[in-house]
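Asks:
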Amino acid sequence: MPIAPIAGKLRKRLILDISVSLGLGLTGGYAWWNLYHIPSVQRRDAFYAKLEANKE
81 MPIAPIAGKL
91 RKRLILDISV
101 SLGLGLTGGY
111 AWWNLYHIPS
121 VQRRDAFYAK
131 LEANKE
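Counting from 81, one number per residue, gives the positions in the sequence shown under the working numbering.
(1) Which of the three DSSP states is assigned to A133 in this structure?
(2) Straight-line CA distance for L90 to P119?
(3) For A87, does the three-state DSSP call read helix, strand or coil?
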């Protein structure tokens with residue numbers, strides 16, 4: 081009983097893997113930027129604005 085060749089399966093899997101990794105990477109980057117980085121920068125800017133206001 082011969083086994084049928086698996087044609088195109090590697091290419092389909094590769095495209096799926098690349099698509100999923102890009103999607104997860106972009107989603108993770110977007111979440112990090114908006115949930116961590118921007119609030120952190122806002123806290124830092126508020127601190128220095130308060131420090132500058134107290135200096136005067």
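For each residue, glycine too, the CB sits at the ideal point set by N, CA and C. These numbers come from a predicted model, not from an experiment.
Replies: Answer, in terms of the structure:
(1) helix
(2) 42 Å
(3) coil
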